[in-house]
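Peer 1: One structure coming up, written as structure tokens, with questions to follow.
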Amino acid sequence: MLPYGTLHEAEMAIGRDLTFAERLWFSYSAQKSDYYLCCHTILFLFLAFSLVPLPLVFMELKNLKNIDKYKIQPKLRLSSADVFRCYKEVMRIFLLVVGPLQLVSYPTVKFVGIRTGLPLPSGWEIFLQLLVYFVVEDYGNYWIHRLLHCKWGYEKIHRVHHEFTAPIGFAAPYAHWAEVLILGIPSFLGPALVPGHMITFWLWIVLRQVEAIETHSGYEFPWSPTKYVPFYGGAEHHDYHHYVGGQSQSNFASVFTYCDYIYGTDKGYRYQKEHLGKLKENWRSGDKQNGGLYHISTQYIKSE
Ligand SMILES: [Zn+2]
Ligand SMILES: [Zn+2]
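Okay, here's the thing in structure tokens:
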């Protein structure tokens, strides 16, 4: 709740006129408690998860010719029942685990210093904080994900996420409840280390979800704006990880590619990329004997 009764009081306290965005924020949040604002996070997460994958589901189910050429594993297609089962299962975990956790996480949000007041952060502040959040999350996620690929971690927990060998957008958070909880740690670590405004926190939660959905989309679009993000992994990078499955010791990072490069866990993938021209053709024609997009690199990994 803002400590000002009127716009004028807020402007007097800040020492300048409020911007348009600050006026909007004032009119929305002035009478709402910080706890109530904090609870919006789960709503934004639900909305991003439910709405962003819908165009991808449409493409998956409609077999559109112009779009299909961008599908990474075109031979593997899911039915509407498969897609709905995936959505239902993720929503069940969200409602039973993530939602209640967010409802009781308010003291932590307050403790780390995420603020709700005025002035609002500048565009640069938001951008730099989001950048830190992505880098911190990517690094933490890399090591947790790599640990989950040990025998026990995979069989007891991570196997669920790998049920989709050709992932779809809705499968981004499809995982064992324990994995959803564990991977929440690197997601919250960035905002805890560099706390910002509640609006930045909401943006982070939505953008992270959108990024994970794109990474699990199963489509590699050459026009995606993420192509301009340095070291960005994208769908093909992570699709390879899902294709190889439980035995995969490659492409663990969630956002960028540099961790896999530095720690040498992208060798199979890079080998595959070097041969991509020829192999992609084989894969699309279904000629697995001649390699297929991933087949030869899978053998390469096994023989490493
Ligand atoms: Zn994995
Ligand atoms: Zn995945």
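If you're matching positions, the sequence shown starts at 1 in UniProt numbering and goes up one per residue. Even for Gly, the Cβ is constructed at its ideal location relative to N, Cα and C. If you're wondering where the values come from, they're calculated on a predicted model, not measured in any experiment.
(1) Please state the DSSP three-state secondary structure of residue 20.
(2) By DSSP's criteria, residue 197 is part of a beta bridge. Which residues make up the other side?
(3) Give the DSSP bridge partners of residue 71, in chain order.
(4) How long is the line joining the alpha carbons of residue 257 and residue 39, rounded to whole angstroms?
(5) Can you round the beta-carbon distance between residue 15 and residue 154 to whole angstroms, since I take them to be within the 8 angstroms contact cut?
(6) Less than 7 angstroms between the CB of residue 167 and some heavy atom of ligand 2, yes or no?
(7) Should residue 158 be counted as a contact of ligand 1 given a C-beta to heavy atom distance under 7 angstroms?
(8) Under 8 angstroms Cβ to Cβ from residue 12, same chain only, skipping five residues before and after it: list those, please.
(9) What three-state label does DSSP hand residue 188 in the structure shown?
(10) Curious, which full-length alpha helix (DSSP H) runs of at least 4 residues does the region 90-163 contain?
(11) If I'm right that residue 309 touches residue 56 with Cβ under 8 angstroms, what's the distance once you round it to whole angstroms?
(12) Let me check understanding here. Comparing Cα to Cα, which of 105, 254, 210 and 240 lies closest to residue 272?
(13) Consider the C-beta atom of residue 241 and the heavy atoms of ligand 1; say whether any pair is separated by less than 7 angstroms.
(14) If we ignore side chains and look at the alpha-carbon of each, how far apart do residue 215 and residue 265 end up?
(15) Does the separation of the CB atoms of residue 160 and residue 98 fall below 8 angstroms?
(16) Hey, out of 243, 3, 235 and 37, whose CA is closest to residue 107's CA?
(17) For residue 321, does the count of other Cβ atoms within 10 angstroms reach 16, so buried, or fall short, so exposed?
(18) Once the 5 residues before and after residue 6 are set aside, which same chain residues still bring their CB inside 7 angstroms of it?
(19) What's the call for residue 66, buried or exposed, on a 16-neighbour Cβ count within 10 Å?
(20) Between the Cα of residue 125 and the Cα atoms of 194, 261, 227 and 94, which residue gives the shortest distance?
(21) Helix or strand or just coil, what does DSSP make of residue 256?
(22) By alpha-carbon positions, which one of 165, 275 and 207 ends up nearest to residue 255?
(23) Give the DSSP-derived three-state secondary structure of residue 269 in the structure shown.
(24) Check whether the Cβ of residue 145 lies closer than 7 angstroms to any heavy atom of ligand 1, and answer yes or no.
(25) Starting from residue 360 and walking both ways along the alpha helix (DSSP H), at which residues does that stretch end?
(26) Determine which residues share a DSSP beta bridge with residue 232 and list them.
Peer 2: The relevant details are as follows:
(1) helix
(2) 115
(3) 219
(4) 33 angstroms
(5) Not confirmed; about 57 angstroms, so no contact.
(6) yes
(7) yes
(8) none
(9) helix
(10) 99-104, 106-112, 123-148 and 151-156
(11) The requested residue 309 does not occur in the structure, where the chain is confined to residues 1 to 304.
(12) 240
(13) yes
(14) 18 angstroms
(15) no
(16) 37
(17) Past the boundaries of the shown model lies residue 321; the chain is included only from 1 to 304, so the question cannot be answered.
(18) none
(19) exposed
(20) 194
(21) strand
(22) 207
(23) helix
(24) yes
(25) Summary: the structure shown does not reach residue 360, with the chain confined to residues 1 through 304, and so no result is reported for it.
(26) 256
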